[in-house]
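Chemist: Residue numbers (our numbering): 14 to 694. For every residue, glycine included, the Cβ atom is placed at its ideal position computed from N, Cα and C.
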Amino acid sequence: MIDRSTTIKIQEAAQIVDVVSDFVTLKKSGANYKGLCPFHDDRTPSFMVSPAKNYCKCFACGKGGSPVGFIMEHEQLSYPDALRYLAKKYGIQIEERELTAEERAAQSERESMFILNEWALRWFQRQMHETPDGRAIGLSYFRERGFRDDIIQKFQLGFCPKGRDVMSQSAMKEGYKEQYLVGTGLSIKREDGSVVDRFWGRVMFPWHTVGGKVAGFGGRVLDAATKGVAVKYQNSPESAIYSKRRELYGLFQAKQAIVKADQVYMVEGYTDVISMHQCGIENVVANSGTALTKEQIHLLHRFTNNITLLYDGDEAGIHAAQRGTDMLLAAGMNVQILLLPDGDDPDSFARKHTANDFRQYVEEHKVDFLKFKTTLAMNQAQNDPRKLSQLVADIVTSISFIPDEITRTLYIRETAQMMQMQEQMIYRAVQNQMSKNREEEYKRRNTPVTVGDQQPEADPSLAADTSPVVEPSAQGLSDIDAASSALSTASVPPASSAREQAAPATELLLAQLIVRYGEKIICEAEDGEGNAVPLSVTEFIFYSLTQDGLAFAQPLAQVVLDKAMKHVHDEGFVAEKYFLSHRNQQLSQAAFQLCMDKEELSKYHSRDQQLVPDSSRLLELTTHVLADMKLSIVRQKINNVMADMKNPAMKSQQRELLVRFKELKDAESRLAKECGDRVLK
């Protein structure tokens, strides 16, 4: 259990720009920062990071949060584990008790699988460095490949012994469950019920998430055992925490270098990445021999727009360089291609050159994707009209995927010059292909999902966290889900119809006042003994509503008021800070939206007022919004009484209804004066 004081210490230390920058390339935008959203396929920066509020939000998909909330969402961690992640990042010591058996059993399957993979990583490393077979077989293999010990440690390489179930038995002896061994793919369960190691007798390459968690492994059969083996490498199977199409080998180790260079090299294999790091080039990742996927491209696009495909010059390398080019272009990436000298791959080339020599060779020999395709096809076509026609069609298809119109136009012009064709002809061909692309995308999006293509059910580990962290009660937060959509309707209606629709809007405006200024003192009241008692914005709203027997109808507004009242007298309580860093992400995001909607209160105070009004202006503002809310309620009651008066079934109660009607009209007149309205009598 993480105590409250440590939680506060972590929240205060974690700076949103610092945390988000580990995963997203940010650029200054006024007082804030912007970048490509890490939570959806973002092609134009829509992810805003506010250092002042220590918060982030995507204005396209809506995701974001405090530093803790961002890590929870991005790394798919529970609230306590996100705190531990940030504590480690900022060097904060956490002292917590050991979880009970019941609490351990409550850990999600996803977390359990990550924990098991972390254990396996350390176990593979120990086997290689601390056992005779590991040193003689596994470590010797890596050293024969020329890898230094520091590089071996950097990529956390290891070795799985030859015994068919040595790892599985060791894991189960230490308390790890068979279901997670099989679930992660570390073990295979046979028909006879026995469990064997998937990677026995192989050297191990761990796959890390962007945040550094171990998602899976790749195992290579050693050279002496590769004779007659068609597949030298075996990877972890798809699981709840690992999908090869969503990961890139080496991205965790490369992300900072990619941002610094604003450039990434894409290679095919594990050893290509490792050798280039050892050479001194760290902005490199591998797709491990598979075709690039949209998910992998999206990962890279968060760090840079510039990619160089780096492959060996044989036929297989040429084919690999062509795969995925159109998807990279469609994502707005600037694509260049380099084929190494025949007989060399990035691994062997890196081992023979220094980093400077390598970079110089790349700069001198890399070519734009268009020149690469044209040169390659021209050599293959050899003036054959049919092959040349196919070449043009292939290039036109690639250009049609480029989203930026200016870039697309420049490529059309260059293609026309290279192919000695009319620019207008290439332009029309590109336009026709773009129409086809849109039609295919429309069909794809509107094709019913077949049983075999159904998406997996939502991961239960992504639900609201209930781990035992000392934190204010979350009672009432179940209403937040139902209230989240209220923010989209929180804008103040036009003047002509504002009063008829005011109740939901004014409730959210009061919630906005509480989130922004809830702890600020705005007036004094007398207690039962005649003593002056200072009242905060939160208390003023609460007592004003209670005195008139009113409550918020909007669940979001009521939760905000209840939470603020519970903590307004806590030492150091600041409403905005409390709500923005709240462990419940729905409440945190709703509070952020309330903080960011600066126009909401513009009808009640002029734009030239300072950002935080003084106490007298806050009192005036709060009173005005409260009166506005009450007026809307009174008018609704008047409408109800008028409807009852027209109802024949209520004829016997006409006198009482007339008295009630007069009382309500008097209240309406009084409140309307407070609100600045004129009421026709």
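1) State the start and end residues of the unbroken alpha helix (DSSP H) segment that holds asparagine 130.
2) Bridge partners of aspartate 358, per DSSP?
3) Take the Cβ of threonine 367 as the centre, count every other Cβ of all protein chains shown within 10 Å, and call the residue buried at 16 or more, exposed below.
4) So what does DSSP say about asparagine 653, is it helix, strand or coil?
5) Identify whether aspartate 575 lies in helix, strand or coil by the three-state DSSP scheme.
6) With 16 as the cutoff for other CB atoms within 10 Å, does tyrosine 556 come out buried or exposed?
7) Let's test the definition: count the other Cβ atoms within 10 Å of the Cβ of phenylalanine 570 and tell me whether it reaches 16, buried, or not, exposed.
8) Skipping 5 residues on each side, what residues in its chain have a beta carbon closer than 8 Å to that of aspartate 657?
9) Measuring only the C-alpha atoms, how far is isoleucine 651 from serine 601?
10) Output the boundary residues of the beta strand (DSSP E) element that contains alanine 299.
11) Which word fits valine 409, buried or exposed, when buried means at least 16 other C-beta atoms lie within 10 angstroms of its C-beta?
12) Taking the alpha-carbon positions, what's the glycine 224 to serine 91 distance?
13) Helix, strand or coil: which one does DSSP assign to methionine 279?
14) Ordered along the chain, which non-local residues of its own chain (more than five positions away) have a Cβ less than 7 Å from that of isoleucine 287?
15) Terminal residues of the continuous beta strand (DSSP E) containing leucine 352?
16) Of the residues Pro58, Ser402, Phe371, which one's Cα is nearest the Cα of tyrosine 278?
17) Buried or exposed: which applies to phenylalanine 316, given that a residue is buried once 16 or more other Cβ atoms fall within 10 Å of its Cβ?
18) Sorted by chain position, which residues of the same chain lie with C-beta nearer than 8 Å to lysine 379's C-beta, five sequence neighbours on each side aside?
19) Specify, as a first and last residue, the run of the beta strand (DSSP E) that serine 200 falls within.
20) What do you get for lysine 659, buried or exposed, if any count of 16 or more other CB atoms within 10 angstroms of its CB means buried?
21) Which of the three DSSP states, helix, strand or coil, is assigned to lysine 40?
22) Can you tell me the Cβ-Cβ gap for leucine 593 and lysine 643, rounded? I've got them flagged as a contact below 8 Å.
23) Around the C-beta of isoleucine 150, are 16 or more other C-beta atoms found within 10 angstroms, so that it is buried, or is it exposed?
24) What does DSSP give as the partner residues of phenylalanine 230 in its beta bridges?
25) Looking only at its chain, what residues have a beta carbon closer than 6 Å to the beta carbon of histidine 595, apart from the 5 residues adjacent to it on each side?
26) Would alanine 267 and valine 298 be called neighbours here (beta carbons separated by less than 7 Å)?
27) Going by other Cβ atoms of all chains shown within 10 Å of its Cβ, with 16 needed for buried, is leucine 383 buried or exposed?
28) Expressed to the nearest angstrom, what Euclidean distance is found between the alpha-carbon atoms of cysteine 50 and histidine 311?
29) Could you tell me the boundaries of the alpha helix (DSSP H) in which tyrosine 424 lies?
30) Give every residue of the same chain whose Cβ lies closer than 6 Å to the Cβ of glycine 214, excluding the five residues on either side of it in the sequence, and list them in chain order.
31) Exposed or buried, which one is asparagine 653 when buried takes at least 16 other CB atoms within 10 Å?
32) So, helix, strand or coil for lysine 167, using DSSP?
33) Quick check: valine 443 and isoleucine 425, are their CB atoms within less than 7 Å of each other?
34) If aspartate 417 sits next to glycine 345, beta carbons under 8 Å apart, how far is it from one beta carbon to the other, in whole angstroms?
35) For isoleucine 554, which residues in the same chain have their Cβ closer than 6 Å to its Cβ, ignoring the five residues on either side in sequence?
Modeler: Let me lay it out:
1) 122 to 143
2) DSSP lists no partner for aspartate 358.
3) exposed
4) helix
5) helix
6) exposed
7) The identity of residue 570 in the sequence shown is alanine, whereas the question assumes phenylalanine. Buried, since its Cβ has 16 or more Cβ neighbours within 10 Å.
8) Met663, Gln666, Leu670
9) 37 Å
10) 297 to 299
11) buried
12) 14 Å
13) strand
14) Phe160, Ile164, Phe168
15) 347 to 353
16) Phe371
17) buried
18) Thr321, Gln349, Ile350, Leu351
19) 200 to 202
20) exposed
21) strand
22) Incorrect: roughly 29 Å between the Cβ atoms, too far for contact.
23) buried
24) Pro219
25) Ser601
26) yes
27) buried
28) 10 Å
29) 418 to 432
30) Lys175
31) exposed
32) helix
33) yes
34) 7 Å
35) Leu523
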